[in-house]
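From first to last, the protein sequence lines are chains L and W.
When we follow our numbering, the leftmost residue of the first sequence carries the number 19, and every step to the right adds one.
When we follow our numbering, the leftmost residue of the second sequence carries the number -11, and every step to the right adds one.
Here is the structure we will look at.
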Amino acid sequence: MNIVGISACVAGIAHTYIAKKKLIQAGEQAGHKIHIETQGTIGTEDELTPEEIKDADIVILAVDIQVSGKERFDGKKVVEVPTEVAIHSPTALVKKLEEIVNKG
Amino acid sequence: MANLQVRKHVMTGIAFMIPFVCAAGMLMVIGNVFGGHTITDYKAGFTLPDVLTTLGGDGLGMLPAFISTFIAYSIADRPGIAPGFLLGLLCKASGYGFLGGLLTGFLGGWCANYLKKVIKVPAFMEGIVPQLILPLLTTLIIGLFMEYVVGVPILWLTEGIYALLMSMQSSGSSVIVLGLVLGILSAVDYGGPINKVTFVFVMQLMTQGIGAPISVLISASMIAPFGLTIGYFLSKATRRNLYSDQEKDALKSAFLMGCCQITEGSYPIILNDLVRITICTAIGAAVDGALVMYWQCASTVPAGGFFALPGIANPGF
């Protein structure tokens, strides 16, 4: 399946990027296509394209703070967790996403 | 109302505030190092250090307005910005301090959100709502509420905490206990939510002129990266290989970031041995906190790690 998402933490310099890395690792290991946008202190990087969002089966937000551009996901299934969850148990998180998508 | 997401909004405010505090704090430190004083009369002439000190000091004085603005923004998006800022200025002027700024951020944000929902106007007037009605009504309602309802209790509260801490400072042992607790709270989750909540508390104290607690936070935040670095050299000395190559790589940037009081750089190493490192960090931070409080190393700068040293009293060894 196709996963898109955003990661963002408070300081916006470390957890944001660790969460992104872990999510992508776990997602690709499970055979999914995954793209994560980061909203760190430096600003938005690796911005999601409208096509990616359109094709996505599910949206994962690994965020500790308010992120911008959530309206892009209107009508999508959106799961929001703290960055901690994505960092400590990314594989379980990806499995959970699969369950949610499969349930329809 | 079930899910107010208070923590998330505070964290968003702090996320915006960190670069602001760093820049203003550093300006003030550099100015102070070169003998700068706050400029009161521009006609009387001033020096370059004076300019830096004033720039930084004014910035730090604006903290209540800044945090208020971005909490309101986090809650209500753009309509939160104007009321958040105006209400934060009111907190600065009335002496409600940082706590007041937090409160007006939330009240302003919620009020703007509520008004956004309930105000219904004919289509031709729609443009006027976000431009005029939302910011005006929100600022008016919350501003009056602050001044006439919660203002006095907030002053009591801040003065009460102030009096309590001042009385603690006169007895050595309770100051040490406070230092122990603050040290642990500052360091134990490596720049995570506990650290940020502690930051809010010590920040409030700093705006009231009690500078030692924030020094505890500054130094305790650096315990983990420095501890790991010292551990690395000890492991070298005792010829025991404690770190993987990947961890050694991470340690370099962790140490550098640690010097600037950014704990998060140590995260990749800490994750590999969470429990043991956390116990060590807590012990180190507790000792550090107790010493800082005991020696009264009061800071006038809210952040900066090593670079904050010139702004901290009694740094000697």
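Each residue gets a CB set at the ideal place from its N, CA and C atoms; glycine is no exception.
Note that the structure is predicted; figures quoted are calculated from it, not measured.
**Classification of D78 of chain W by the beta-carbon crowding that lies within 10 angstroms, buried from 16 upward** = In the sequence as presented, Asp is not what sits at residue 78 of chain W; that position holds Leu. Around the C-beta of L78 of chain W, 16 or more other C-beta atoms lie within 10 Å, and the residue is accordingly described as buried.
**Contact set between T0 of chain W and chain L, taken where Cβ atoms lie within less than 7 Å** = Ordered by position in chain L, the residues that pass the 7 Å Cβ test against T0 of chain W are I83, Q84.
**Request:** Scan the region 85 to 164 of chain W and note each continuous alpha helix (DSSP H) run of 4 residues or more that stays entirely inside, going in chain order.
**Result:** Taking only runs of at least 4 residues, the alpha helix (DSSP H) segments lying wholly in the region 85 to 164 of chain W are 85 to 106, 122 to 133, 139 to 157.
**Prompt:** Which chain L residues sit within Cβ distance under 7 Å of G253 of chain W?
**Reply:** Those within 7 Å of G253 of chain W in chain L are A32.
**Request:** Taking G293 of chain W as the reference, give the member of W:N229, W:T251, W:K240, W:T269 with the closest Cα.
**Result:** Looking at the Cα atoms, W:T251 is the closest of the given residues.
**Request:** Provide the residue(s) that pair with H53 of chain L in DSSP beta bridges, ordered along the chain.
**Result:** H53 of chain L pairs with L:V22.
**Asked** Who are G197 of chain W's beta bridge partners in DSSP?
**Response** Partner residues in a beta bridge of G197 of chain W, as assigned by DSSP, do not exist.
**Item:** Interface positions of the region 39 to 73 of chain L facing chain W (Cβ-Cβ less than 8 Å), listed along the chain
**Value:** Within the region 39 to 73 of chain L, contact with chain W at the beta-carbon level (separation under 8 Å) is assigned to T59.
**Prompt:** Buried or exposed: G23 of chain W, going by 16 or more other Cβ atoms within 10 Å of its Cβ?
**Reply:** So G23 of chain W ends up on the exposed side.
**Message:** Strictly by DSSP, which residues pair up with T62 of chain L?
**Reply:** DSSP, once it has assigned bridges, lists L:Q57 as partnering T62 of chain L.
**Asked** Closest by CA to V112 of chain L, which one among L:V85, L:G49, L:A29?
**Response** The alpha carbon of V112 of chain L has as its nearest neighbour, out of L:V85, L:G49, L:A29, the alpha carbon of L:G49.
**A60 of chain W, enclosing alpha helix (DSSP H) - first and last residue** = Where A60 of chain W is concerned, the enclosing alpha helix (DSSP H) stretches over 51 to 64.
**Asked** Can you list, in chain order, the residues of its chain whose CB lies under 6 Å from that of C27 of chain L, leaving out five sequence neighbours each side?
**Response** Taking C27 of chain L as the centre and dropping the five residues before and after it, the same chain places the C-beta of H33, T34, D82, T101 closer than 6 Å to its C-beta, in chain order.
**Asked** M(-11) of chain W to L297 of chain W, Cα distance in whole Å?
**Response** No answer about M(-11) of chain W holds up, because its pLDDT of 39 lies below 50 and its placement is not dependable.
**Message:** Do S207 of chain W and C306 of chain W have their beta-carbon atoms positioned less than 9 Å apart in this structure?
**Reply:** Residue numbering for chain W in the displayed model covers -11 to 305; residue 306 of chain W lies beyond these limits and cannot be assessed.
**Request:** Measure the C-alpha to C-alpha separation of I265 of chain W and T217 of chain W and round it to an integer number of angstroms.
**Result:** Their backbone Cα atoms lie some 12 Å apart in a straight line.
**Message:** For P108 of chain L, count the other beta carbons within 10 Å of its own beta carbon; 16 or more makes it buried, fewer makes it exposed. Which is it?
**Reply:** Counting other Cβ atoms within 10 Å of its Cβ, P108 of chain L reaches 16 or more and is therefore classed as buried.
**Message:** Please list, in chain order, the chain L residues whose beta carbon lies closer than 7 Å to that of P71 of chain W.
**Reply:** Residues of chain L whose Cβ lies closer than 7 Å to the Cβ of P71 of chain W do not exist, since the nearest Cβ in that chain is about 17 Å away.
**Asked** Taking Cβ positions only, does V97 of chain L come closer than 9 Å to chain W?
**Response** Any Cβ of chain W closer than 9 Å to the Cβ of V97 of chain L would place that residue at the interface, and such an atom is absent.
**Message:** Please list, in chain order, the chain W residues whose beta carbon lies closer than 8 Å to that of A29 of chain L.
**Reply:** Correct list: A3, I6, G179, I250, E252.
**Request:** Flag this pair as yes or no: are the beta carbons of I164 of chain W and A278 of chain W separated by less than 9 Å?
**Result:** A contact, by the Cβ cut-off of 9 Å.
**Item:** Contacting residues, own chain, Cβ-Cβ under 7 Å from A291 of chain W (five flanking each side not counted)
**Value:** Non-local beta-carbon contacts of A291 of chain W in its own chain, meaning distances under 7 Å to residues more than five positions away in sequence, involve V9, C10, G13, I206, Q249 in chain order.
**Asked** Is V97 of chain L helix, strand or coil by DSSP?
**Response** Here V97 of chain L sits in strand by DSSP.
**Request:** Under 7 Å Cβ to Cβ from L103 of chain W, same chain only, skipping five residues before and after it: list those, please.
**Result:** Apart from the 5 residues on each side of it in sequence, L103 of chain W sits with its Cβ closer than 7 Å to the Cβ of L122, L125, T126 in its chain, given in chain order.
**Item:** Simplified DSSP assignment, three categories, for I105 of chain L
**Value:** Three-state result, I105 of chain L: helix.
**Request:** For P71 of chain W, count neighbouring C-beta atoms within 10 Å of its own C-beta (all shown protein chains included) and say buried if the count is 16 or more, exposed if not.
**Result:** If you draw a 10 Å sphere on the C-beta of P71 of chain W, you find 16 or more other C-beta atoms in it, and that means buried.
**Asked** By Cβ distance below 7 Å, which residues in the same chain neighbour C247 of chain W in space, the five residues on each side in sequence not counted?
**Response** For C247 of chain W, the CB contacts under 7 Å within the same chain, skipping 5 residues up- and downstream, are G293, F294 in chain order.
**Prompt:** Do S287 of chain W and M194 of chain W have their CB atoms nearer than 9 Å?
**Reply:** With contacts defined by Cβ atoms closer than 9 Å, S287 of chain W and M194 of chain W form a contacting pair.
**Message:** Among the candidates L:V103, L:K121, L:E117, whose CA atom is the shortest distance from the CA of K38 of chain L?
**Reply:** Nearest C-alpha to K38 of chain L: L:V103.
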